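The block underneath contains the structure these notes are about, expressed in structure tokens.
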Amino acid sequence: MIQNVLYSFKVLSRCKIRRFLNNILHRQLSSSAVDISEITHCSTKVKRQIEDHWKDKINSYKFNTETKDKFYILSMFPYPSGALHIGHVRVYTISDTVARFYRMKGKSVIHPMGWDAFGLPAENAAIEHKVDPAIWTKNNIKTMRNQLTLLNYSFDWEKGFSTCDPDYYKWTQELFLKLYDKDLVYQKEAYVNWDPVDNTVLAEEQVDLNQRSWRSGALVEKKMLKQWFIRTTIFAKSLMEGLHDPSLKEWRDVIKLQKHWIGDCNGINFDFKLISDIPDFSKTVNLWTDTPEFIEYAKFVAISPKSVLNREEYTQDIDVDIKRLNAKVLNPFTGEELPIFVTDKVVYSMWRDNRLGIPAASMDDLQFSELVGIPFTRHMIRSYEQQQQKLSEILQKAREWKIGGYPVSSKLQDWLISRQRYWGTPIPMIHCVKCGTQPVPRDQLPVTLLDVKHMSDMKLLSDEIKDWSMTKCPKCNGNARRETDTMDTFVDSSWYFLRFIDPDNAKEMFSVEKVKEIFPVDLYIGGKEHAVLHLYYARFMSHFLHSEGLVPCREPFKQLLVQGMIMGETYKIKGTGKYVSAKEVRKNKNGKHETLFGEPVTVNWEKMSKSKYNGIDPLALLDKYGIDTTRLLILADVAPTSARNWSEDTIPGIQNWQNRIWSTVRQFKHERNNMSLEELQTEPTHPKFAEHDAYLFDSRNYFLKTVTHNIIETQQLSVAISRMQGLTNSLRKVHIECLRKSREYERALVVQILMLAPFAPHFASELWTIFCSAKHHLIDSKEVNLDKDLLEQKWPDIDMDYKLTLHVFVNKRQFFKLKLPRRTLDEMTAETALEYVILDPYYQKHSHNKKIVEFSLQSEKGCDATLYITMKKQMEDIVL
1 MIQNVLYSFK VLSRCKIRRF LNNILHRQLS SSAVDISEIT HCSTKVKRQI EDHWKDKINS
61 YKFNTETKDK FYILSMFPYP SGALHIGHVR VYTISDTVAR FYRMKGKSVI HPMGWDAFGL
121 PAENAAIEHK VDPAIWTKNN IKTMRNQLTL LNYSFDWEKG FSTCDPDYYK WTQELFLKLY
181 DKDLVYQKEA YVNWDPVDNT VLAEEQVDLN QRSWRSGALV EKKMLKQWFI RTTIFAKSLM
241 EGLHDPSLKE WRDVIKLQKH WIGDCNGINF DFKLISDIPD FSKTVNLWTD TPEFIEYAKF
301 VAISPKSVLN REEYTQDIDV DIKRLNAKVL NPFTGEELPI FVTDKVVYSM WRDNRLGIPA
361 ASMDDLQFSE LVGIPFTRHM IRSYEQQQQK LSEILQKARE WKIGGYPVSS KLQDWLISRQ
421 RYWGTPIPMI HCVKCGTQPV PRDQLPVTLL DVKHMSDMKL LSDEIKDWSM TKCPKCNGNA
481 RRETDTMDTF VDSSWYFLRF IDPDNAKEMF SVEKVKEIFP VDLYIGGKEH AVLHLYYARF
541 MSHFLHSEGL VPCREPFKQL LVQGMIMGET YKIKGTGKYV SAKEVRKNKN GKHETLFGEP
601 VTVNWEKMSK SKYNGIDPLA LLDKYGIDTT RLLILADVAP TSARNWSEDT IPGIQNWQNR
661 IWSTVRQFKH ERNNMSLEEL QTEPTHPKFA EHDAYLFDSR NYFLKTVTHN IIETQQLSVA
721 ISRMQGLTNS LRKVHIECLR KSREYERALV VQILMLAPFA PHFASELWTI FCSAKHHLID
781 SKEVNLDKDL LEQKWPDIDM DYKLTLHVFV NKRQFFKLKL PRRTLDEMTA ETALEYVILD
841 PYYQKHSHNK KIVEFSLQSE KGCDATLYIT MKKQMEDIVL
């Protein structure tokens, strides 16, 4: 490290004139918010002064449309409920931190924000408060936008929109028509899940295992209604295969959740015509079979006694456990009418309450057909090739007849999108008695919602909707009516990430060329509660649009950061189960919790809710601690992906850390400003100066490497904060002569401030201005520009001489590690990496000269690398 000490003096000699002038002349650098000479302790009051000074300066970044090095960061846009909760603050603090990091990495970052504004809560609140839901929603958006402004996030507000804006839902309607054009939208009568509280239909995905509504909690009812569906099952196999896309990063258990939802695509769905005089029966029944090549030999349909098709008054007994329904299904491949039996004597596929009986393909079906007296006709045994040919013919016919014929699991259903509510995207279809159902012409989009005047009176509202629905048929110009159902709000959010790329486009959903440049989303951040439904629908739309050549890839999100839930402490009276607030609870002399009246209380961690008195007001945190300390509190201790039991116990530690950094920068300025150039140029006298210099070199690179890794790779922002605290400790360990004369000290201090910038941008910007205002800088101008504000700096680089790690895996197990200078690792190919490994004594001793079958290198400049080696396991293979 002696050479680094000598280099410090060379740099000083070469740059002292320029540094001297910069200390005199006006800089582009912003001024400080406070006078550091008078402030030894960075109190909350001081932090507020700092934040007020920097709030308009740290978000001056603009998206560069010219650069090709783009990075798209998206946090799931919120429903405008009227107030931010702590979950909002957590997800947006994460996304803002990562966005600022990638800007410093030189990326042109897209970081938009909008509003998922349609839905039942707004409509129910509007009815309760007797106000138009549009007004209710608009006011809530204004409130939440103001709250987000207080937190000073760096969102691209210019790209923002609400899904209830006609300029947005016009294109949701266009997307619906694109699906309709490809026969991926259809309307049919079906037994549906009816929510008696919210008075609307629910998709299968919105009913829990206890048959209760996902939103209201009401026990759902079955109703026969004519509804609109999207054929998501046609893309089931594509959606399953997409989960193996090697570009997907950090999807973790979301892949398992998606796979479980989609299920193994080991069968085929078919819609069979139902022949029946029974009132309220649907016209078709959807049947699934894993032996579609034998469908011509189907002889019966069995339904569970729990099936909605089972009507006691329309059945006749055949056996104690078997009844025959007075209805049949028509096999479209033979024209044969198949009887329907109500029974538990057959095995139903999981998630199905019906079974297509094919005795020729199943011994169970054969035994049941004999039990009910259906004659079994032998068929010619086909070869495998003949079966595959027949399968191809069956599937082709089914697709031509539009009755199914696509690989799907027994559990997955088409997406029911009809909602019998006002506040949603109108379905752009028209019903004509003469011409049937017709799509709204595209030049008439958007079909806008009526301007309601009687939101709280359901009868008058119904009359308004009836008047609104009267229209002309686009085909014959005769009297017709508009579709009055609106779309499920999941449709609105299934493609919004594409509109953010091109929000001002008035001619099309989005520019295909712009989307090709930017799509897919590089990092998608949101709650784990959306890891199934929302992600499934968004993936479906992306797969569909890719099949149409409108987007460049199937999968919409490269990397996921699935945020864990924040839990609040609850207090519940043991006897009654009633929730009480913390103010009503005390500890008795035995340390047990009880109410103020002495009733025993249980203490638990649960999802935050007003009804449980365990919510946290994020704006109250801002009042207590300021923006940056709140950000650090949100991000510290627990990884973003983990659930968090809310506590403010770490605040003293965070505040103490901020004060230590403040003192360190303040001391640096004081010491440098009180030194003459001559004194700075004298050689250091402390005997451990070189040792401390080397320690700072190592600390700078080690903590820089780990913080970068924890942001990009592991997403452990809490660990990144811990590592930054480690660098602070390193800076404060060394002798003061390092602070005064060491270039490595200065480089480490710069890295400390630069790494803090994405996490606490106001506070770090102030530290940077103080640092830059010091005299006699030794750091090279190639590393930082002292004339620019902090967030205009580049994320620092690991030194070329610093040793990184080459991890060596053999047959998928870690074998050993090699420490190599970054310069060597950056230039390394798989072949040169293998040469290093083969020559290493440890490898030669433990590899037993086994034959290498294949090898590959996973590396990125400035990072550790991994060499994967596959060896033959047989001992006789002794040639390398």
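Numbering (full-length UniProt numbering), first residue to last: 1 to 880. C-beta: ideal position from N, C-alpha, C; glycine also. All of these numbers come straight from a predicted model, not from anything done at the bench.
The alpha-carbon of arginine 352 is positioned some 39 Å away from that of proline 446. Here alanine 636 has Thr650, Ile654, Ser718 and Ile721 as same chain residues with Cβ atoms under 7 Å from its own Cβ, once five neighbours each way along the sequence are excluded. Going by DSSP, histidine 431 is part of the beta strand (DSSP E) stretching over 429 to 432. DSSP, reduced to helix, strand and coil, places isoleucine 374 outside both helices and strands of the structure shown, so it counts as coil. Remark: C-beta atoms of isoleucine 322 and valine 372 approach each other more closely than 8 Å. Nearest to lysine 624 by alpha-carbon distance, out of Lys47, Thr40, Ser162 and Glu38, is Lys47.
Ranking Ile275, Arg355 and Asp780 by CA distance to the CA of proline 305 puts Arg355 first. Taken atom to atom, the span from the alpha-carbon of histidine 41 to that of tryptophan 657 is near 11 Å.
Residue ranges of uninterrupted alpha helix (DSSP H) with 4 or more members, entirely inside the segment 79 to 124 and ordered along the chain, are 86 to 104. Under the three-pair Cβ rule at 8 Å, the segment 527 to 535 does not count as touching the segment 222 to 231.
Nearest neighbour of phenylalanine 294 by Cα position, chosen from Leu820, Ala360 and Lys259, turns out to be Ala360. Contact check between the segment 105 to 119 and the segment 140 to 155: three or more CB pairs, one atom from each, fall below 8 Å, which counts as touching. Listed in chain order, the non-local C-beta contacts of asparagine 710 below 6 Å within the same chain comprise Gln716, Val719 and Ala720, local neighbours out to five positions each way being set aside. As the crow flies, the alpha-carbon of aspartate 364 is around 34 Å from that of glutamine 206. For leucine 325, DSSP records a beta bridge to Thr315 and Ile340.
For proline 821, there is no enclosing alpha helix (DSSP H); the residue is found in the beta strand (DSSP E) stretching over 813 to 821. Residue Thr769 holds the alpha-carbon nearest to the alpha-carbon of asparagine 785 among Thr769, Met800 and Ile798.
Taking one beta carbon from each stretch, the segment 406 to 423 and the segment 120 to 132 have 3 or more pairs nearer than 8 Å; the two touch.
When the Cα atoms are used, glycine 726 and tryptophan 662 turn out to be separated by approximately 15 Å. If you look at aspartate 271, you'll find it in the beta strand (DSSP E) that goes 267 to 276. When C-beta atoms of the segment 78 to 91 are compared with those of the segment 532 to 543, fewer than three pairs fall below 8 Å, so the two segments do not count as touching. In the structure shown, phenylalanine 368 adopts helical secondary structure according to DSSP, grouped into three states.
Residue environment for isoleucine 36: buried (at least 16 other C-beta atoms within 10 angstroms of its C-beta). For glycine 404, the enclosing beta strand (DSSP E) stretches over residues 404 to 408. Secondary structure at arginine 399: helix, using DSSP grouped into helix, strand and coil.
Shown here, asparagine 645 sits in a strand according to DSSP, grouped into three states. C-alpha of threonine 334 to C-alpha of threonine 200: approximately 39 Å in a straight line. Under DSSP, the beta-bridge partners assigned to asparagine 604 are Thr570.
Between the alpha carbons of serine 642 and glutamine 563 lies a distance of about 7 Å. By the Cβ rule, the segment 428 to 438 counts as touching the segment 479 to 495, because three or more pairs are nearer than 8 Å. Relative to the Cα of tyrosine 314, the nearest Cα in the group Ser847, Gln147 and Ile278 belongs to Ile278. Secondary structure of aspartate 195 (DSSP, three-state): strand. Counting along the chain, serine 765 sits inside no beta strand (DSSP E); it lies in the alpha helix (DSSP H) bounded by residues 761 to 772. In the DSSP assignment, valine 853 falls outside any alpha helix (DSSP H) and lies within the beta strand (DSSP E) extending over 852 to 858.
Under the three-state reduction of DSSP, lysine 138 is assigned to helix.
The C-alpha of leucine 560 is placed about 33 Å away from the C-alpha of arginine 747.
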